[in-house]
Amino acid sequence: MDFSFTEEQNMLVDTAERFVSKEYGFETRNRIIASETGMSETVWQGLADLGLLALLVPEEDGGLNAGPVETMLVMSALGKGLLVEPYLASAVMSTRAIATLASPDQRGEWLERMLGGELIVAFAHDELGTRHEPLAIETRATRIGAGYLLDGRKSVIRHASQAGMLLVSALVEDGVALFALDRDTPGVRLAGYPSVDGARAADVFLEQVYLPESRRLGQGDASDALLAVLDTGLAALCGEALGVLQRSLDTTIEYARTRKQFGVPIGKFQALQHRMADMLIHVEQARSMTYLAAVRALDGDAARRATALSAAKVVVGEACRFVGQQAVQIHGGMGVTDELDISHCFKRLFAIEKTFGSTLDHLDHYRRTLAA
Amino acid sequence: MDFSFTEEQNMLVDTAERFVSKEYGFETRNRIIASETGMSETVWQGLADLGLLALLVPEEDGGLNAGPVETMLVMSALGKGLLVEPYLASAVMSTRAIATLASPDQRGEWLERMLGGELIVAFAHDELGTRHEPLAIETRATRIGAGYLLDGRKSVIRHASQAGMLLVSALVEDGVALFALDRDTPGVRLAGYPSVDGARAADVFLEQVYLPESRRLGQGDASDALLAVLDTGLAALCGEALGVLQRSLDTTIEYARTRKQFGVPIGKFQALQHRMADMLIHVEQARSMTYLAAVRALDGDAARRATALSAAKVVVGEACRFVGQQAVQIHGGMGVTDELDISHCFKRLFAIEKTFGSTLDHLDHYRRTLAA
Amino acid sequence: MDLNFTTEDQAFREEVRSFLRDHLPSEVRHKVLNGLPLERDDYLAWQHALHARGWGGPSWPAEFGGTGWTAVEQYIFDEACAEAGAPRLVPFGLKMVATVIMAFGNKTQQERFLPPILAGTEWWCQGYSEPGAGSDLASVKTRAVRDGDHYVVNGQKTWTTLGQYADWIFCLVRTDADAKPQRGISFLLIDMKSPGITVRPIITMDGSHEVNEVWLEDVRVPVENLIGEENRGWTYAKFLLGHERTNIAGIGTAKRELARLKRIAASETRHGLPLLEDPLFSAEVARVEIELMALEITNLRVLSAEAENKAPGPEASILKIKGSEIQQRLLELMTEAIGPHALPFDRDAMTAGYQGDYPLDAYARTPTWQYLNLRKLTIYGGSNEIQRNIISQMILGL
Amino acid sequence: MDLNFTTEDQAFREEVRSFLRDHLPSEVRHKVLNGLPLERDDYLAWQHALHARGWGGPSWPAEFGGTGWTAVEQYIFDEACAEAGAPRLVPFGLKMVATVIMAFGNKTQQERFLPPILAGTEWWCQGYSEPGAGSDLASVKTRAVRDGDHYVVNGQKTWTTLGQYADWIFCLVRTDADAKPQRGISFLLIDMKSPGITVRPIITMDGSHEVNEVWLEDVRVPVENLIGEENRGWTYAKFLLGHERTNIAGIGTAKRELARLKRIAASETRHGLPLLEDPLFSAEVARVEIELMALEITNLRVLSAEAENKAPGPEASILKIKGSEIQQRLLELMTEAIGPHALPFDRDAMTAGYQGDYPLDAYARTPTWQYLNLRKLTIYGGSNEIQRNIISQMILGL
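Chains as they are written, first to last, in UniProt numbering: chain P, 1 to 372; chain U, 1 to 372; chain X, 1 to 398; chain W, 1 to 398.
Here's what the structure looks like:
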């Protein structure tokens, strides 16, 4: 049993935190989310330069081959900065999917450009009904000649409009497959919009999109690999949540220490004191489960892994809701304005709670395993 | 719309409250619950003398023919005294059942003795599985000659050992029937025990118990009447809860005003202040739903009535739990002792929450009606 | 005891409903029922319609041109309007400054200011809160110094709701700096067109422009715009705070939103079952529906006690606390019901005439911004913490 | 990062489990697993068994005859014991007074008092709380006046857990009435057989006799029973309060009770379905299981930080708050699971050898008294309100 981090891991945290605090201040972020593309090329290149985009890339492809613990640590640091760039989608989930499934040729073609910051890849898996059942895919890839025709709709795909390539999950004859799709392939239409948390997303409509065999990742049914990627994403998301939670708590404590009402700092009011104690408890319980999620993210037993990750998402999700709402409440009127960063934390926590299944979805999943 | 009570109703409250505060002090009650029979004949006779046992008896049988509002008011007053005598079972539910179903002969035989205090009647309906489904009866009455043979088990029947007669629900050929059973009828065995709240209860085992036709109440399927009696009981129970809740809140407020810690009354601590505010909110919401339960208790549409009563039980049940637990918590160490009345309030609130279906049972019932 | 309205009250409700069917502008109704943001003209259109019917002042006594309705009638009216999808009545003129002018203003002030409020031709906003004061309203720093026939006002107000539309602002100003905090405050009516007034928007986290900062720099206000006596403004402000209890819980609004939640939950599915039949989700809907049922009766009890002139207890605070929590919960459950569709957030798609290619079901477009927007409910109008303080002071007397 | 115990630790756990299988008396195990009340001899039998194995002092350093285990080993031991159905170790001797004697007692005191604690031949109780003091431990009123070679002690202690079995009591007494509250306090060891000591039971709402009032009337205590220096007792008491963090969350106990809850929920049904498959009930079980899972890791994190000698933060308070809430919730859910069978309450039926005709399934006999009994968890050992004060003081520093 060991909750300490290696020197390398601590350096990684340091690197990521320093980058965020230097390059990703509140004003900078506001400019980025208001910009045309909704992300910063400079920031993305900065992440590439620090090697952070290579985190999950295998060594033989020039990467760091790091694991879920490192991913969690980096995500947490980026979460503290409320980073809206496509790190989770491209550097975590898509990288993991390619590293797991893709052929050497494909890896060569994509990973180097990804870790260098040239190629952003969105992970286009979710559909209208996916939130509750990860394999409820309706998009179909029909074999035609030496390739496939894809039809379907992917919904609320983060960063789709910022990505050069999309990894699309689809039903094939022998199960589920992942396809790599250039965004400008004929038949692909994006309906884009901002996400509540400042990032960009889109629904992706696929109509008779032709892809050659070389654009399919791996052979046979990729369900297991897909689930593993989704769980990697969920564990990483918990890491991000932890960063946002910590920032929300710290900001609230600082506000309560300094903001005066009726002549005393509001942190002197016992009702608020106890609420902040409860916020801390939520954060610490979320931290514990985020650690668990990281450790279990590579568990080969998919059912056991899913149960542990559902448990983590429940605790993290409850924390997102409680800490987010109370942070705003304790900030009073200032808490609901766009001017302070606390409302931006609130919105990211709200979005995280709804991503990859809500607290209620995961509680429901977990409770169904009890009688088994 | 009118939330005031008539002069008669106010007098009734006054009568019942005066009786309780004069004749049912904490010490008296402690003696009663520790006594052999677990109830006081004197108190029972006192209730009879005040006419309170005649409350639900029809006028033609010498009673007051009062309705659910009067029942609620009296139950609330008795609840404030944590009365352990069989008022709900005998004077409310059994009286209502007899008044509704029994023949003139039967009414003549029983009601006069009941309102005079001579005859106590327990309502022996619940079985091992009844809590969730009121009509899930397994006790059977098989016709034999001019009578019936009863077999079955009634579980957690309050006051069974104190009653001269039991009203027993059983399946008959044409549905459900109620039978009046003297406690000493051959084949009846009671396994008695104290209830957590100081009252007495028993499981009632019926083995080949012979009853003549004259002991069956009414003809044909009595399901509707039985449900109506159970709902009358539930509405009355909400009334009792209200009395216990109010006493618990008042006691806690008084304790917090006077008990000092760190040199100040504990009621000065904001965390406790807010908790008491929440207790008050629970009590007031429970009061509102208790009123609703009383008003709807006679609704002829059984499904609509059941839904309203389930809603009431949810709000009252939540109040029982929150107010009971917080009252004890705010009393600190003193709250868990047998010496103060607050722990006795706590136990009665606990028992009420579990009676006639728990909060969760009723929430489940209610939610199933949403999609209908 | 009778939980039903009298026959007369029921007939009245029918009359209101019938009026709503005929005269509530359909675009406005559409916006309200679908949670779309309202604009100035939406509020005004509704006020004009009411005024045309003689219902411009539902809470006003007849002598000032109001309806003279009882508290019960006002409640019925409010509830029917909310359920039907009418916008709320903007309270700053109708319910706030008008109440003070009627109670403490002089004849001239009453004749000058009340009719345009009723007719919806002058828009009022509130100048109470100041930066950093939060719930501590008595810590007014804006100063008014007498200079001949004028006061010269300097200071800053904040959280001024819909101040960008306002023709007038009523302000608490400090006229005696040496008196105790609550003593030296006066109540002034100020023309928003006065030189020296600057309105700056505060954008809230949902992207709305609902509240403002109002800067007052050497603003000259004629002394005849002083309400009542100098230095007694706190009394008038407090009178107002204790006055409005009829619609504080928002029962009608909550009922409308509950119906909307159930419509959404009937459309969305989990494991192939409508969410309204999903055990865990439907249990949450049941909880809030039951809470609301209880609060409605609690509200009726308060009305009934008001009708009997019983001394007010902590009821107003109960109504505020539970009402705001229920409304927030309803929106939270709507965002839960639409799942990942709670994330897309395009303000353009939240307008009534939107024709773009936003790929969401119409019902999924607005819950999120409303959820964000309604965080304010537990903060403003006396935060829920302040309300719990009030309750505990009443019951503990410490 | 590694959430698993080391191979050595896992081997150690197996050793403890094996010992438990062979040496935990089966009647005692039966009582604990079924929530039946324990008696003096149950605790002693277990302490004797541990002592025989050399494990009488799991938290003691080897130099005093203890096991010399690390904090992690102690945790593993505690958890394995609790899960297997061993009684808790009565802490007043083993964990409290012994810790103080080891740290601040002199050689004579250590030799006189420690061995009988280890062997389970002398039973200790705690004389801290006084009537009316609640969580304000420093407000000690019991006075000790020096008279030659003795202190003469007068006063009253309360909430003295299992004092009816005790041979000795350790007391906080006031030796300087003029000093500030926390200054003039001394730490005395008092023989319970001393003339002038009266023990009166306090019956709790579950009908148990667990706590007592202890009256001291001119009790003469030899000065050699003073620990450390006169008037420095508060320092020793505080040292103790900060000392014990290993088992504060009760993870092992909670796991055992969770398993019991699931057994009950698999037996009881609603609408024909085992409660463990009932959506609403199983969701509640899931919630508490997940909370416990998180708390276990939080506890391990605290242990790990302790092993690295990191400065303690608010963790002990987190463990106390969540641990007590989880245990209370588990019992609450058991009473929910047995439904109306939570009402019958016959203390006689809650004894191991009961042969009467109590008509309840065995598993339904004890949850209610335990639910009542465990209300104390959020009150004693520093109430959860005090714990939240501690946390907020640490994070806010106000």
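No residue lacks a Cβ here, since even glycine has one placed at the ideal position from N, Cα and C.
How about residue i and residue j: do their beta carbons lie closer than 8 Å?
i	j	result
PHE350 (chain P)	GLY332 (chain P)	no
ILE190 (chain W)	TRP168 (chain W)	yes
residue 399 (chain W)	HIS30 (chain W)	Nothing about residue 399 (chain W) can be read from this structure; chain W reaches only from 1 to 398.
ALA89 (chain P)	ALA122 (chain P)	yes
LEU300 (chain W)	LEU370 (chain P)	no
LYS157 (chain X)	GLY127 (chain X)	yes
PHE5 (chain P)	GLY46 (chain P)	no
VAL28 (chain W)	PRO91 (chain W)	no
ALA306 (chain P)	PRO68 (chain P)	no
ALA294 (chain P)	ALA222 (chain P)	no
PHE3 (chain P)	SER304 (chain W)	yes
LYS198 (chain U)	VAL84 (chain U)	Note that residue 198 (chain U) corresponds to Gly in the displayed sequence, not to Lys. Yes, these two residues count as a Cβ contact at 8 Å.
Would you mind working out which of the options sits nearest residue i, comparing C-alpha positions?
i	options	result
ALA191 (chain P)	P:GLU36, P:ARG153, P:HIS344 and P:ASP197	P:ARG153
ASP41 (chain W)	W:ILE290, W:GLU122, W:VAL173 and W:LEU300	W:GLU122
VAL196 (chain P)	X:PHE19, X:PRO344 and X:SER267	X:PRO344
ALA16 (chain P)	P:THR42, P:ASP2 and P:GLY81	P:GLY81
GLU207 (chain U)	U:PHE26, U:GLU127, U:ARG259 and U:VAL188	U:VAL188
ALA237 (chain W)	W:VAL97, W:ALA311, W:ILE390 and W:LEU331	W:VAL97
LEU172 (chain X)	X:CYS81, X:GLY313, X:ASP136 and X:LYS193	X:ASP136
MET1 (chain P)	W:ILE338, W:THR298 and W:PRO87	W:THR298
GLY105 (chain X)	X:THR269, X:THR368 and X:ILE227	X:ILE227
GLU308 (chain P)	W:GLY313, W:LYS255 and W:GLU291	In the sequence as displayed, the identity of residue 308 (chain P) is Ala instead of Glu. The option with the nearest alpha carbon to ALA308 (chain P) is W:GLU291.
SER94 (chain P)	P:THR232, P:THR28 and P:GLY51	P:THR232
GLY323 (chain W)	W:CYS81, W:GLU224, W:THR378 and W:GLN164	W:THR378
Given this structure, state the Cα-to-Cα distance separating residue i from residue j, to the nearest angstrom.
i	j	result
ILE395 (chain X)	VAL315 (chain P)	36 Å
VAL16 (chain X)	GLU130 (chain X)	39 Å
PHE356 (chain U)	LYS193 (chain W)	52 Å
PHE77 (chain X)	ILE251 (chain X)	12 Å
residue 403 (chain W)	GLN329 (chain U)	With chain W covering only 1 through 398, there is no way to say anything about residue 403 (chain W).
GLN106 (chain U)	SER214 (chain U)	8 Å
ASN34 (chain W)	ARG260 (chain W)	8 Å
TYR24 (chain P)	GLY313 (chain X)	51 Å
ILE352 (chain P)	ALA311 (chain P)	15 Å
Which partner residues of residue i appear in the DSSP bridge assignment?
i	result
LEU273 (chain X)	X:ARG270
ASN154 (chain X)	X:ARG143
ASN212 (chain X)	X:PRO201
GLN126 (chain W)	W:PHE170
ARG183 (chain X)	BP columns for ARG183 (chain X) are empty, so no partner.
LEU217 (chain P)	P:LEU178
- [ ] Counting only runs of 4+ residues fully inside the stretch 93-122 of chain P, write out the alpha helix (DSSP H) ranges in chain order.
- [x] 95-101 and 104-116
- [ ] Give, in chain order, every unbroken run of the beta strand (DSSP E) that is at least 3 residues long and sits entirely within the stretch 168-209 of chain U.
- [x] 175-182 and 188-194
TODO: Could you name each continuous alpha helix (DSSP H) segment of 4 residues or more that falls completely within the stretch 35-98 of chain P, going from the start of the chain to the end?
DONE: 41-49 and 68-80
TODO: Jot down the residue ranges of each uninterrupted alpha helix (DSSP H) in the stretch 256-331 of chain X, minimum 4 residues, whole runs only, in chain order.
DONE: 279-307
TODO: Pick out the complete alpha helix (DSSP H) segments inside the stretch 303-368 of chain P, 4 residues or longer, and give them in chain order.
DONE: 341-354
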